[in-house]
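J.: Please see the structure below; I have some questions.
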Amino acid sequence: MSSSLDQRTAPAPEDSRPTPLPRRTRAYALPEVRWALAALGLFLLALPPYLLGGPAWLWGALFAGAYATGGWEPGREGLKALRERTLDVDLLMVVAALGAAAIGQVLDGALLIVIFATSGALEAVATARTADSVRGLLDLAPATATRLLADGAEETVDAGLLVVGDTVLVRPGERIGADGEVVGGASEVDQATITGEPLPVAKETGDEVFAGTVNGTGALRVRVGREPSDSVIARIVRMVEEASRTKAPTQLFIEKVEQRYSVSMVLATLAVFAVPLAFGDDLTSALLRAMTFMIVASPCAVVLSTMPPLLSAIANAGRHGVLAKSAVVMERLGQVDAVALDKTGTLTEGTPRLTDVRPLPGTGLDADALLRLAASAEHPSEHPLARAVVDAARERGLALAPAGAFAATPGRGVTATVEGRRIELGSPARLLPDTHHARVHPHPDTRPAHPEAHHARVHPHPDTHAAHPEADHARVHPENDPASLVRELEEAGSTAVAVLRDGEPVGVLGVADRLRPDAAATVAALTRLTGRAPVLLTGDNERAARRVAGRVGITDVRAGLLPEEKVAAVRAWEAEGRRVLVVGDGVNDAPALAAAHCGVAMGRVGSDLALETADAVVVRDELAAVPAVVALSRAAHRLVVQNLVIAGAFIAVLVAWDLFGTLPLPLGVAGHEGSTVLVGLNGLRLLRSAAWPRPARS
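Residue numbers for the sequence shown follow this note's numbering, beginning at 4 and rising by one.
Encoded structure:
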């Protein structure tokens, strides 16, 4: 990755701007959502007259409407399954709700209907939004490209019609239309959508570029190296779609035994009715015993054993900034036994920050003066490194001087006149030849490092303030020359920026992407939860990745990975029987998020595709919330098990009483409803704020 502060990002020409992303599917446009809202509304309207002793015709009609609207979708799906000679929990739930209504327990039945309808609506919304984002990803690649003809003429063509060997012209600010190799020109390219790198990458002849990435101010001629249908961005789309289709069917714990339970209950009810009748019992007695059996053996308490704890956990997580998209997701979070973390934007903040200001001795400049000169020269630039320098100067309250004769040279840096002096900032390799920098190619396996910064070291004299509020105490390096300063900064993980005044070096700046303050504590917490340290999966280079990994306690590092390689790593772990949690934020992380047992996206810096593909989103962008929500999911699972034991015990006692004795129908109803209320209240314990695990602390 380049270390130069070199260009202002030019606006894209009008005819090259990508097509706007398609409008997202409105939640209300989905039938599942409309039915669920209707059921919830009717249920809430029926509740006051029912509880206050209003007329039965009023609350009865409203509850009937809730049954019809909320039970329509699951009932239809259950009947479809029945035609295929299978019973599922949807049909069983509808039958149980109708059975509850038949014996006067209309409130319990309606609550079951509303819970199931709401759960189905949430899953439908998540599915639709994911599809919207996958379609929108296609628009990252421009619709047209400028193809160069053999006689030097230009023609505008559909980017999808480009073939291998074509040469295209990419003007400043345009998106690159195809994967290929630079054959002319120099610029810097923002390829964060593909590799996740936080800063633009210098490109010149011989370097690889990707479709959908954004060119800087320099013009590039690119020879197409892959068909548009085989570009990296197109492969990301296919991988997300494929992973979403092939991901194992999601099932709640109770649904895994629904078929056997459903068939067993139906057969047992028929047997309870037929066997006594065959041995001479009268019809009324046999029918009453069978009805009592059906009531006490119905799955109401079993179903409510699962949903309230998971829904309570979802609500609690939401209050603490984590959005789990369904009850299934909340259950799956607690099942993970391996974690893969992205680097940029996940373990790090994803935004370059000034970390060091090193004036050279004998220049008459202290840290403030050097930073003021640099920020004044960089102020007209929109380059991420320039913004980091200017932001640091503003944080320290430095008054910037006007900059004249501003110019940006791709691959070199910027030049401006500040207070009558010619100020240059940019790549030490270009401005300080004595540093002997080797130009680093931006191929994913060999990209230069943009590792996360150590704490700032701004140090001309003891009373000089640090360039960043989190800086260490000042240290003096009067003996340092530019080359040694550059080496020291780059060895510490910063991107070095040389500063020249009237052609003479006056200092060096260090810029880096900072590690999140809770990253190390989060890694330690995830290690305790899963029994193994997380793995680092990143598109950045090996040196940068290992430096970050070493600071947070990760030993298994997979660096220089393209999106398909991240997916391959996740699938290899899944094939070994691991249930992998992937945490990421970028477009390049989306395929792995979709392929994993569970995917979590960082909300503030996350791309739209990552946010929609992930199963859960950390809305407040607090990394420590990841182990907290995993622990909360495991607490919910423990409550589910407790509830199933309670419900099973009630059902076993009541069924045995009915089979081997005479269980009065009112007592059977009371026992059944009592167990339902008990497991429901037990599940609601996770709504308490105290149920949220204390987040990892650094």
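Just so you know, even glycine gets a beta-carbon here, dropped at the ideal spot from N, CA and C.
Could you name the residues that DSSP lists as bridge partners for residue 427?
T.: 418 and 503.
J.: Three-state secondary structure (DSSP) at residue 111?
T.: Helix at residue 111.
J.: So residue 694 packs on residue 638, CB below 8 Å; how close in whole Å?
T.: Contact holds; Cβ gap of about 7 Å.
J.: Report yes or no: do three or more beta-carbon pairs, one from the segment 641 to 655 and one from the segment 678 to 687, lie closer than 8 Å?
T.: As far as the Cβ criterion goes, the segment 641 to 655 touches the segment 678 to 687, which means the pair count is three or higher.
J.: Can you give me the Cβ contacts of residue 529 inside the same chain, cut-off strictly under 6 Å, excluding the 5 residues immediately before and after it?
T.: Excluding sequence neighbours, residue 529 sits near 342, 537 and 630.
J.: So, residue 164 versus residue 149, is the Cβ gap smaller than 8 Å?
T.: No, they are not a contact pair.
J.: Taking 6 Å as the limit between beta carbons, can you name the residues of its chain near residue 552, skipping five residues before and five after?
T.: Answer for residue 552: 539 and 560, listed in chain order.
J.: Between 230, 621 and 327, which has its C-alpha nearest residue 606's C-alpha?
T.: Answer by Cα proximity: 621.
J.: Counting only runs that start and end within the segment 576 to 631, where is the alpha helix (DSSP H) found for 4 or more residues in a row?
T.: With a minimum length of 4 residues, the continuous alpha helix (DSSP H) runs that stay inside the segment 576 to 631 are 593 to 598 and 611 to 616.
J.: Indicate whether residue 387 and residue 355 have their beta-carbon atoms separated by less than 8 Å.
T.: For residue 387 and residue 355, yes; Cβs fall inside 8 Å.
J.: Using the C-alpha atoms, what's the distance from residue 586 back to residue 697?
T.: Distance between the alpha carbons of residue 697 and residue 586 is about 20 Å.
J.: Within its chain, find whatever has a CB closer than 8 Å to the CB of residue 319; leave out the 5 residues flanking it on each side and keep chain order.
T.: Within the same chain, residue 319 has close Cβ partners 635, 689, 690, 691, 692, 694 and 695.
J.: Using 8 Å as the threshold, is the C-beta distance between residue 510 and residue 358 below it?
T.: No, the pair does not count as a contact, with Cβ atoms beyond the cut-off.
J.: Going by DSSP, what residue range makes up the beta strand (DSSP E) through residue 173?
T.: From DSSP, the beta strand (DSSP E) with residue 173 extends over 170 to 173.
J.: Can you look up residue 544 in the DSSP assignment and give me helix, strand or coil?
T.: Three-state DSSP puts residue 544 in coil, outside helix and strand.
J.: DSSP puts residue 184 in a beta bridge; with which residues?
T.: Bridge partners of residue 184: 211 and 226.
J.: Thinking just about the alpha-carbon of each residue, which of 399, 344 and 219 is nearest to the one in residue 556?
T.: For residue 556, the nearest C-alpha among the options comes from 344.
J.: Roughly how many angstroms separate the alpha carbons of residue 1 and residue 683, rounded to a whole number?
T.: Because the chain here runs from 4 to 701, residue 1 falls outside it and cannot be looked at.
J.: Put residue 653 into one of helix, strand or coil per three-state DSSP.
T.: DSSP places residue 653 in helix when its eight states are reduced to three.
J.: Look at residue 584 and residue 339 and say whether their C-beta atoms are less than 8 Å apart.
T.: Cβ atoms of residue 584 and residue 339: closer than 8 Å.
J.: In the DSSP assignment, find the beta strand (DSSP E) that holds residue 561 and state where it starts and stops.
T.: Residue 561 -> beta strand (DSSP E) spans 559 to 561.
J.: Hey, residue 379 and residue 408 are a contact pair by Cβ (cut 8 Å); roughly how many whole angstroms apart?
T.: Not a contact, Cβ separation roughly 13 Å.
J.: Taking the alpha-carbon positions, what's the residue 98 to residue 79 distance?
T.: Looking at the two C-alpha atoms, the distance is approximately 12 Å.
J.: Could you round the C-beta distance between residue 558 and residue 548 to whole angstroms and report it? I think they count as a contact, below 8 Å.
T.: Not really, about 12 Å apart at Cβ, beyond 8 Å.
J.: With DSSP as the reference, label residue 380 as helix, strand or coil.
T.: DSSP places residue 380 in helix when its eight states are reduced to three.
J.: Evaluate residue 276 with the Cβ neighbour count: other Cβ atoms within 10 Å of its Cβ, from every protein chain shown; 16 or more gives buried, anything less gives exposed.
T.: The residue is buried, with at least 16 neighbouring Cβ atoms inside 10 Å.
J.: Taking the C-alpha atoms as reference points, what is the distance between residue 94 and residue 602?
T.: So the two alpha carbons sit approximately 30 Å from each other.
J.: Would you report the Cα separation of residue 374 and residue 213, rounded to the nearest angstrom?
T.: Spanning the two alpha carbons is a distance of roughly 35 Å.
J.: Going by DSSP in three states, residue 283 sits in which element: helix, strand or coil?
T.: Three-state DSSP puts residue 283 in coil, outside helix and strand.
J.: Is the distance from the Cβ of residue 543 to the Cβ of residue 569 below 8 Å?
T.: Cβ atoms of residue 543 and residue 569: not closer than 8 Å.
J.: Among 423, 372, 385 and 104, which has the Cα closest to the Cα of residue 399?
T.: Among 423, 372, 385 and 104, the Cα nearest to that of residue 399 is on 372.
J.: Could you say which of 113, 209 and 433 lies nearest to residue 66 if we only look at CA atoms?
T.: Closest option to residue 66, Cα to Cα, is 113.
J.: Where DSSP assigns a beta bridge to residue 515, which residues make up the other side?
T.: 356, per the DSSP bridge assignment.
J.: What do you get for residue 525, buried or exposed, if any count of 16 or more other CB atoms within 10 angstroms of its CB means buried?
T.: Buried, because 16 or more other Cβ atoms sit within 10 Å of the Cβ of residue 525.
J.: Could you tell me whether the Cβ atoms of residue 210 and residue 185 are closer together than 8 Å?
T.: The answer is yes: Cβ separation under 8 Å.
J.: Going by other Cβ atoms of all chains shown within 10 Å of its Cβ, with 16 needed for buried, is residue 479 buried or exposed?
T.: The predicted position of residue 479 is uncertain, since its pLDDT is 36 and thus under 50; no value can be drawn from it.
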